[in-house]
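According to this note's numbering, the sequence shown holds residues 21 to 453 in order.
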Amino acid sequence: MRKFWLDCFIATVFVFLAMWGIVRITQLTIFDAFDSIGKAIGDVELTDYVFWGLRVDPPVDTSIVVVNIGNLSRREIAQQIQIISKYKPKIIGIDAFFDCSGFHRDTVSCPPLRDELGNLMLGAAITQAGNVILVSQLERADTLLPADKFDSLRRSDPIFSENASREGFANLDTDAAYQDDVKTCRQFTPKADVAGKPQYAFAVEMALAYDSAKARKFLRRNNETEIVNYRGNVVDVFGQTKYPQMFFTLDANQVLNEDFVETLLKDKIVIMGFLGDQLGDPSWADKFYTPLNGKMAGKANPDMFGVVVHANIVSMILKEDYVNKMAAWQEVLMAFMFCILNVALFSLINTHLPSWYDGITKLLQLLQLLLYSVLMVKVFEWYSFKLNVTLTLAAVALVGDVYEVYMSVIKNLIIKIGSLLPFTRRKEGVLIP
21 MRKFWLDCFI ATVFVFLAMW GIVRITQLTI FDAFDSIGKA IGDVELTDYV FWGLRVDPPV
81 DTSIVVVNIG NLSRREIAQQ IQIISKYKPK IIGIDAFFDC SGFHRDTVSC PPLRDELGNL
141 MLGAAITQAG NVILVSQLER ADTLLPADKF DSLRRSDPIF SENASREGFA NLDTDAAYQD
201 DVKTCRQFTP KADVAGKPQY AFAVEMALAY DSAKARKFLR RNNETEIVNY RGNVVDVFGQ
261 TKYPQMFFTL DANQVLNEDF VETLLKDKIV IMGFLGDQLG DPSWADKFYT PLNGKMAGKA
321 NPDMFGVVVH ANIVSMILKE DYVNKMAAWQ EVLMAFMFCI LNVALFSLIN THLPSWYDGI
381 TKLLQLLQLL LYSVLMVKVF EWYSFKLNVT LTLAAVALVG DVYEVYMSVI KNLIIKIGSL
441 LPFTRRKEGV LIP
């Protein structure tokens, strides 16, 4: 029995080595030109189906109002803040920078500087409101720093940032190489260290200002990254998202004309940001692909503006509706356990039913792949827990063929080499030191 399980253990290790080798080979970009299907579905995860069509639509979150700033000037944004502040919201978050980042500080390179009165009006509006939260951006001046380390912050000009009540970094975790690239957002970083000082995400800062108890409970989870439990989107004219409207939304002119119910903003979280030139604009600026996208694969258009992603994160924190996930070591352990059990089962089938081996093992593999995939989706739907079975699925898919290679080639090769070593002798077909 000990020898049997030792063989199973070694064969399982060989399966994992084979998976590692396959991953290394598939990293070669030479094959990318032939992988059109892979590119079409590469941004899809099984749990996306839960967001896309299995969950019951959640009710509108009435505590958050999203305001479009479009392409308004700083003077007009100042007017928006003054009007919004008049209706006593608890927080005003602004997902926009007011600086000349990347340009020389002159009126030619940075046109907003020409309107000195507009800048003074915006600074005064932020000061007078007293509850404005601005965004910052995590940056890395030292290019040798690891990808998750930062040493500086991009901030709005001091006339604005120094008068804000709080600041939070607006960086969202995506797979994009640069800002204007196609971006898929499934998770975010709640807290980051910048030159030895803790910095919180924009959404976390808004949650702290609105309900510090719930926000601190969220932070005590102490996760480096958190999956965004998307609840919905804003006005969707072009059908780019699967979910209905989740947040009350005001267009730029609606605010300037005060075309809304007076009680809409009182004691609410108002998040101002870019939603296109007007509501329904299919602009791609500051827009992300999310699991709510109307097309699961081969997506044509991004479906959610950045300001709405932040609104979803705030809503998740305040509703305490988090997504939990497996630790990396748990994923590996689960995959190893299922793999070694499969090796043991396949070994018994090979010993007792050799003529049925291929058919039975392939059927078992297909059933397991289907079962684990469905289980992952249903656990996510029922418990908001991401049961990551990717490694398990890979192990199960490979275990049959790799086990055969191990038994027919590797094991026999080891025995052959062992029989030639001078410090071993053979007794009844067994190598003995």
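We put the CB at the ideal spot given by N, CA and C, even for glycine.
With a threshold of 16 other beta carbon atoms within 10 Å, Q219 meets it and is buried.
Nearest in C-alpha terms to A229, of all of N151, G326 and P322, is N151.
In terms of CA proximity to S93, D119 leads the group D119, K110 and Y426. With 16 or more other CB atoms across the displayed protein chains lying within 10 angstroms of its CB, E96 is buried. As for any beta strand (DSSP E) of minimum length 3 sitting wholly inside the stretch 106-140, the runs are 111-114, ordered along the chain. Note on geometry: alpha-carbon atoms of W304 and G326 lie some 10 Å from one another.
Look at the beta carbons and you see the stretch 280-287 not touching the stretch 235-249: under three pairs across the two are nearer than 8 Å.
If you draw a straight line from the Cα of L295 to the Cα of M357, it is about 48 Å long. Per DSSP, L295 lies in no beta strand (DSSP E) segment and is marked neither H nor E.
Straight-line measurement puts the Cα of A221 at about 7 Å from the Cα of T209.
When the Cα atoms are used, M396 and P78 turn out to be separated by approximately 21 Å. In the DSSP assignment, N88 falls outside any alpha helix (DSSP H) and lies within the beta strand (DSSP E) extending over I84 to N88.
Positions of the alpha helix (DSSP H) runs, each at least 4 residues long and wholly inside the stretch 400-430, are given as 410-425 in order along the chain. The shortest C-alpha to C-alpha distance from P311 to any of R75, N183 and D271 is the one to R75. The DSSP-derived three-state label of D195 is coil.
Per DSSP, the beta-bridge partners of S156 are F189. If you draw a straight line from the Cα of P264 to the Cα of V425, it is about 52 Å long. If you draw a straight line from the Cα of F189 to the Cα of N313, it comes to about 25 Å. By the Cβ neighbour-count rule, S121 is exposed, with fewer than 16 other Cβ atoms within 10 Å of its own.
Of the candidates D271, V352, A347 and M292, A347 places its Cα closest to the Cα of F405. Annotated as proximal: I104 and I112, with beta-carbon spacing under 8 Å. DSSP places T269 in the uninterrupted beta strand (DSSP E) bounded by F268 to L270. Your pair I89 and Q100 checks out as a contact, with CB atoms roughly 7 Å apart and the cut at 8 Å. Under the three-state reduction of DSSP, S232 is assigned to helix. A check of alpha carbon separations from C359 across F24, M21 and C28 identifies C28 as the nearest. If you draw a straight line from the Cα of A116 to the Cα of D271, it comes to about 16 Å. Per DSSP, L361 is not a residue of any beta strand (DSSP E); the alpha helix (DSSP H) it occupies stretches across A348 to H372. For E187, the closest C-alpha among the options K234, I114, D193 and V128 is that of I114.
Under the 10 Å beta carbon count, F71 is surrounded by 16 or more other beta carbons and is classified as buried.
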